[in-house]
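So the sequence shown is numbered by our numbering: it starts at 7 and just counts up by one. Quick notes on the structure that follows.
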Amino acid sequence: MTSVLFSAPVAPATNMDAAQYPQQQQSASAPSQQPRMLAQFQVLQTLGSGLQGKVKLGVDTVTHQRVALKIIDMAKLHRKAMINVYREVEAMSRVSHANVLRLLSVHDDVPYPKKDGSSKQVIVIVLELATGGELFDFMMYTGCFSENIARAYFQQLVAGLEACHEQGVYHRDVKPENLLLDESFALKIADFGLSGLREESDGAVAELYTQCGTRGYMSPEVLSCLPYEGEPADVWSAGVVLFIMLAGFPPFQIATNQDWWFRACAAKQHEAFWAAHARSATFSPGAMSLMTRIFNVKPQGRITLEEIKTHPWFKENAVPPEELRAELLSRKLQVEEEKRKEREEKLRAAAKQRLQQQDEEFDPFNMDVERSVAIPTAAVPAAAEVSSKKAPSYPAASVALYTSFQSNRTATELQTRVEKALTEHSARFVAHMDRFKTKGTMTVDAEDVGFAVRIYSLDNAPGRCVVEFRRTSGACLKFHDAYKKLSASLSDLVWDNNDESDAADDSPAEELISDEAMMI
């Protein structure tokens with residue numbers, strides 16, 4: 007059912023994905039999975055969630071195109087939420103640009119079948135699928151970017167924002183979570199639910215009033231709750247993103263006088279600001295010059311998008327898309343190899359220490375010996391049956407995810423260890439052992455991060471599982487901090503295909519190493 011509420015024109019769908027991902031397409035349509043239908047779309051696994059609803063992987067049964075389905079429960083739509091949905095659809099329908107995620111279609115009042123057999127009425131926003139995942143997921147996996155890579159993505163971000171502003175659309179929530187990558191590693195600006203729209207036809211600058219966005223990326227004028235202009239606010243947020251790409255951490259906690267870093271900028275003590283940050287990161291003079299102009303606390307004096315395009319640092323060393331993609335792939339492989347070697351060394355050391363402890367502790371004349379009567383097989387506790395329970399099959403690959411790993415342990419053992427790690431890190435969670443699914447919240451630096459953990463079996467690799475961690479709410483930087491802590495507690499479970507050839511070696515050290523994993 008095509009939207010009646012939202013009648014804005016949308017970009018046509020294409021069939022590019024069907025040919026590009028034949029294996030995934032076949033798996034997504036497999037009868038054994040029995041996917042639910044929503045209008046003409048097969049609904050597959052969850053890709054993410056937000057304030058308005060979940061985002062699911064979908065397959066258009068007419069074009070065979072893979073898409074992202076933003077599903078919004080109409081029963082939960084209050085007036086403000088409905089306005090946000092309308093604004094998102096209107097904003098995305100106005101803008102057509104290579105660096106802005108495409109809106110494909112909108113469907114409202116569609117029955118959505120639930121797992122219990124009932125249904126609910128939903129609005130479905132069909133979006134281009136950004137298969138490369140979140141830009142900052144990639145950055146957190148490989149480390150902060152070089153200036154050339156950061157500049158290339160900042161150039162794409164500026165180009166996308168300029169296209170939005172030309173159509174009277176101000177994003178107002180530019181942040182890492184809303185910057186996605188396609189299969190060619192091109193940047194896509196997403197999530198226009200908080201955007202502001204210019205309605206004036208005389209070209210006058212429109213003032214906005216709503217304080218919205220994410221506080222760590224908001225400009226000082228937005229935080230002040232006074233009327234503000236959309237373009238300078240977006241420029242400030244884009245500057246925060248650029249800073250994080252170069253440093254791996256944000257320039258401010260929040261752009262108010264309670265923040266020392268912000269006060270330094272407000273007082274024009276730029277040398278002190280950069281000297282303090284230089285203790286943890288390296289910035290070129292050109293990059294500092296540009297960001298100093300971006301972090302002008304007075305919006306009237308802040309550099310504009312047009313002026314950014316003429317700044318010397320912005321114009322340096324343009325990286326062609328093919329070269330950018332090749333460099334990023336090379337960077338990913340290099341990091342994977344470094345992490346594999348680190349894990350190997352860590353496990354070798356652990357195995358050596360364990361052997362030493364066994365030699366020191368073993369004494370054949372000082373052992374407690376117990377006699378026992380064999381227990382019939384029928385009397386073995388039901389836990390033995392639970393340990394053999396198979397996890398759900400891993401769904402067709404859809405969007406790159408850098409917070410997951412493979413393991414050759416059983417799904418039950420993995421679930422138990424995940425719960426233990428969450429408990430050790432004081433997470434609040436609810437676990438569903440029968441579905442190998444855990445949802446919860448973890449506090450990182452006084453900020454809550456929502457997450458979901460799923461364990462899947464790999465049909466093409468018997469005896470191996472995938473453990474996926476996904477952010478459901480909270481800042482992506484905090485989520486990655488949480489993931490690092492949890493994955494460190496689970497590092498002995500991971501499997502590494504580079505060590506598959508060592509499996510035949512019976513030495514304890516080698517057996518341990520063969521249990522490593524490569525992040526996928």
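Every residue gets a Cβ at the ideal spot worked out from N, C-alpha and C, and that includes glycine.
List, from N- to C-terminal side, the beta strand (DSSP E) runs of 3 residues or more that fit wholly inside the stretch 94-158. 109-119 and 125-134
Helix, strand or coil, according to DSSP, for V303 in the structure here? Along the sequence shown, read from residue 1 onward, the residue named residue 303 stands at position 297. Note: V303 maps to coil in three-state DSSP.
So what's A36 in DSSP terms, helix, strand or just coil? Counted from its first residue, the sequence shown places residue 36 at position 30. Note that A36 scores a pLDDT of 39, beneath 50, so its modelled location is shaky; the value from the coordinates is reported in the next line. Coil at A36, not helix or strand.
With distances taken Cα to Cα, identify the nearest neighbour of Q412 among R221, N90, F475 and K82. For the purposes of this step, residue 412 is taken as residue 406 along the sequence shown, with counting starting at 1. Between Q412 and the set R221, N90, F475 and K82, the nearest pair of CA atoms involves F475.
As a quick exercise: from Q421, G480, R100 and A433, pick the residue whose alpha carbon is nearest that of C471. Residue mapping note: residue 471 aligns to position 465 of the sequence shown, counting from 1. When only C-alpha atoms are compared, the closest one is Q421.
Could you give the DSSP three-state label for R476: helix, strand or coil? The count along the sequence shown starts at 1 and reaches residue 476 at position 470. Strand, per DSSP.
If distances are taken between C-alpha atoms only, which option among V65, M80, K82 and Q46 comes closest to A74? Translated into the one-based positions of the sequence shown, residue 74 becomes position 68. Out of V65, M80, K82 and Q46, V65 has the C-alpha closest to the C-alpha of A74.
When you compare each of V61, S111 and F47 to L53 by their alpha carbons, which one comes out closest? Here the question's residue 53 lines up with position 47 in the sequence shown. Of the candidates V61, S111 and F47, the one whose C-alpha sits nearest the C-alpha of L53 is V61.
Have a look at P398 and D440 and give me their C-alpha separation to the nearest angstrom. By 1-based counting over the sequence shown, the position of residue 398 is 392. By 1-based counting over the sequence shown, the position of residue 440 is 434. Those two C-alpha atoms are separated by around 10 angstroms.
Buried or exposed: which applies to C231, given that a residue is buried once 16 or more other Cβ atoms fall within 10 Å of its Cβ? Reading the sequence shown from its first residue, position 225 is the one you call residue 231. So C231 ends up on the exposed side.
If you count every other CB in all the chains shown that lies within 10 Å of the CB of P327, and 16 or more means buried, which is it? Translated into positions along the sequence shown, residue 327 becomes position 321. With fewer than 16 other Cβ atoms within 10 Å, it is exposed.
Where does the unbroken alpha helix (DSSP H) through S495 begin, and where does it stop? Taking the first residue of the sequence shown as 1, we reach residue 495 at position 489. Residues C482 to S495.
Please identify the residue among P226, K426 and V132 whose C-alpha is closest to the C-alpha of L107. Against the sequence shown, residue 107 aligns to sequence position 101. Residue V132 is the option with its Cα nearest to L107.
Among V228, Q264 and A244, which residue has its Cα nearest to the Cα of P256? Stepping through the sequence shown from its first residue, residue 256 is reached at position 250. Taking the Cα of P256 as reference, the smallest distance to any Cα among V228, Q264 and A244 is reached at A244.
Tell me A74's beta-bridge partners as DSSP assigns them. The sequence position of residue 74 within the sequence shown is 68, counting from 1. Bridge partners of A74: L63 and L133.
Looking only at DSSP bridge pairs, what is H438 linked to? Here residue 438 refers to the residue found at position 432 of the sequence shown. In the DSSP output, where bridge partners are listed per residue, H438 has K443.
Is C170 helix, strand or coil by DSSP? Position 164 of the sequence shown, counting from 1, holds the residue named residue 170. Three-state DSSP puts C170 in a helix.
Does the pairing of the stretch 95-102 with the stretch 166-177 give three or more beta-carbon distances under 8 angstroms? yes
Would you call the stretch 276-288 and the stretch 223-242 in contact, with 3 or more CB pairs under 8 angstroms? Taking 8 angstroms as the limit for Cβ pairs, the verdict is that the stretch 223-242 does not touch the stretch 276-288.
Going along the chain, which residues of its own chain have a beta-carbon closer than 6 angstroms to the beta-carbon of A165, five neighbours each way excluded? Within the sequence shown, numbered from 1, the residue matching residue 165 stands at position 159. Here the set comprises N105.
For a quick check, are the C-beta atoms of A270 and A278 less than 8 angstroms apart? One-based indexing of the sequence shown puts residue 270 at position 264. One-based indexing of the sequence shown puts residue 278 at position 272. The answer is yes: Cβ separation under 8 angstroms.
Exposed or buried, what is I309 when buried is set at 16 or more other beta-carbons lying within 10 Å of its beta-carbon? One-based indexing of the sequence shown puts residue 309 at position 303. I309 comes out buried.
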